[in-house]
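Below: the structure, in structure tokens.
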Amino acid sequence: MILKEIQGVFHKELDLIYGKEETDSFFFLLIEAYYGLTRMQLALQPGYKAGKTDTILEALELLKEEQPIQYILGSTDFYGLSFKVNNHVLIPRPETEELVDWIVSRQKKEKQQQLNILDIGTGSGCIAISLAKSLPNAKVYALDVSKEALKVAKTNAELNDVEVAFVESDILDKELVDAGFKNLKFDVIVSNPPYIREREKKMMRPNVVNNEPHLALFVKDENPLKFYEAITYFALDNLKENGLLFFEINEYLGRNMIRLLKDNGFNNIQLKQDIFKKDRMIKAFV
Ligand SMILES: C[S@@+](CC[C@H](N)C(=O)[O-])C[C@H]1O[C@@H](n2cnc3c(N)ncnc32)[C@H](O)[C@@H]1O
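Position one of the sequence shown corresponds to residue 18 (my numbering), numbered consecutively onward.
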């Protein structure tokens, strides 16, 4: 079958769900992954015949069911690196790249000889691994409660050729998490914990709600800062003097986050917007 014909089928089946442009971007990602052909190369060879078509047609079926393209491809890019993903891990988001970049820029200026970093709720490992890659003087630790997520994160550390110490633990279980990090103090603690309130679900795209792990996404409406509270208390005990706490946050809860950190004695608190001008990350010194 000629690839251009398959592109036509994609538009016929998917334009109503995703629109023309997004459908094209899915199609080009898939032909690059399955046939090693770029958009430009296809334009130059419009009569290109695909030998095997089952995989791309299976991908079309999954896209019709609104499965995320990253899960279909099994990988995604983050901070210039490639990460394996499956439905046990959140798909790394561009706003999280901004958080990583904030930490990298700050730490590069500091020119510390050696530092300890901990990423809480590591998922695919995107934050921990990107930090380990960009800050070779850092010893990076990463924890998650999900065994399956940690499997993915470990594979990603190997693929990206970095060392990260992965720990299975529950940040909400103080005794367990304290036992896991006895006598260890950190220069930087970072977390992108679950922060979407149940009531915000209806504003989300179905492909996220129906496919990405709810363990990674949602918190109860009554206590949306539950993870931030636990991590703030943990950071009070486990950050070195002048250590830094970085969070990705719910865009609607910036003020509450400032209050939480102030009430716990953190200082030099800085709220930062993402490229869409949403309050998206916060940093504070212990
Ligand atoms: C929003 S995701 C962030 C994943 C990744 N760090 C990223 O930025 O793409 C939150 C992560 O927290 C983990 N998590 C949820 N509850 C947890 C708990 N009680 N203790 C530790 N990790 C938890 C989830 O498994 C998930 O991987």
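We put the CB at the ideal spot given by N, CA and C, even for glycine.
Keep in mind the model is a prediction, meaning the values are calculated, not measured.
Contact test: residue i Cβ vs ligand 1 heavy atom, cutoff 7 Å
| i | result |
| --- | --- |
| Ser163 | yes |
| Gly91 | no |
| Val106 | yes |
| Gly36 | no |
| Lys188 | Per the sequence presented here, residue 188 reads as Ile, with Lys not at that position. True, at least one ligand heavy atom lies under 7 Å from that Cβ. |
| Ala301 | no |
| Leu160 | yes |
| Leu176 | no |
| Ile144 | yes |
| Pro63 | no |
| Gly197 | no |
| Asn228 | no |
| Ala155 | no |
| Gly138 | yes |
| Ala252 | no |
| Thr249 | no |
| Thr113 | yes |
| Ser141 | yes |
| Leu135 | no |
| Ala182 | no |
| Ala3 | Because the chain here runs from 18 to 303, residue 3 falls outside it and cannot be looked at. |
| Pro109 | yes |
| Pro211 | yes |
| Ala166 | yes |
Buried or exposed (CB count within 10 angstroms, at least 16 for buried), residue i
| i | result |
| --- | --- |
| Ile292 | exposed |
| Met57 | exposed |
| Leu193 | exposed |
| Pro85 | buried |
| Tyr250 | exposed |
| Ala149 | buried |
| Gly260 | buried |
| Asn133 | buried |
| Ser122 | exposed |
| Ile108 | buried |
| Ala60 | exposed |
| Asp33 | Looking at the sequence shown, residue 33 is not Asp but Leu. The residue is exposed, with fewer than 16 neighbouring Cβ atoms inside 10 Å. |
| Ala196 | exposed |
Chain C contact for residue i (CB, 8 Å cutoff)
| i | result |
| --- | --- |
| Lys128 | No chain C is part of this structure, which consists of one protein chain only. |
Residue i CB to nearest heavy atom of ligand 2 below 7 Å
| i | result |
| --- | --- |
| Leu148 | Within the structure as shown, ligand 2 is missing, the only ligands being ligand 1. |
DSSP bridge partner residues for residue i (one or two, in chain order)
| i | result |
| --- | --- |
| Gln290 | Asp296 |
| Leu135 | Tyr158, Ile206 |
| Ala301 | Leu262 |
| Asn284 | Phe302 |
| Glu185 | Asp161 |
| Ser92 | Lys101 |
| Ile304 | Residue 304 lies beyond the residue range present for the chain, which begins at 18 and ends at 303; the question has no answer from this structure. |
| Ile19 | Lys66 |
Cβ neighbours of residue i in the same chain (closer than 7 Å, five flanking residues each side left out)
| i | result |
| --- | --- |
| Thr55 | Glu49 |
| Asp296 | Ile266, Glu268, Gly271, Leu288, Gln290 |
| Ser147 | Phe95, Tyr96, Leu98, Val117 |
| Ser163 | His105, Leu232 |
| His28 | Lys37, Thr40 |
| Ala154 | According to the sequence shown, residue 154 is Asn rather than Ala. Excluding sequence neighbours, Asn154 sits near Gln129, Gln130, Gln131, Leu132. |
Other residues of its chain near residue i: CB distance less than 8 Å, five sequence neighbours each side excluded
| i | result |
| --- | --- |
| Asn255 | Leu135, Phe198, Leu201, Lys202, Phe203, Ile206 |
| Ile170 | Here residue 170 is Ala; the residue named in the question, Ile, does not match the sequence. Correct list, in chain order: Val106, Thr139, Gly140, Ser141, Gly142, Ala145, Ile146, Ala159, Asp161, Val181, Phe183. |
| Ile213 | Met221, Leu234, Phe235, Val236, Asn267 |
| Lys279 | Ile286 |
Residues near residue i in its chain [Cβ-Cβ closer than 6 Å; skip 5 each side]
| i | result |
| --- | --- |
| Leu189 | Ala247 |
| Arg284 | Checking the sequence, you will find Asn at residue 284 rather than Arg. If we look at Asn284 and ignore the five residues flanking it on each side, its Cβ neighbours are Phe302. |
| Glu165 | His105 |
| Ser208 | Ile137, Gly138, Ile248, Phe264 |
| Lys21 | Pro63 |
| Pro210 | Gly138, Phe244 |
| Asn224 | Glu83, Pro85 |
Along the chain, which unbroken stretches of the beta strand (DSSP E) at least 3 residues long are found entirely within the region 58-84? Secondary structure in the region 58-84: no beta strand (DSSP E) run of 3 residues or longer lies completely within the stretch.
Contiguous beta strand (DSSP E) assignments of at least 3 residues, all confined to the region 203-264: When DSSP assignments are scanned along the region 203-264, the uninterrupted stretches of beta strand (DSSP E) that are 3 or more residues long and fall wholly within it turn out to be 203-208.
What are the start and end residues of each continuous alpha helix (DSSP H) run of 4 or more residues lying completely inside the region 94-133, in chain order? Segments of the alpha helix (DSSP H) lying fully in the region 94-133: 111-127.
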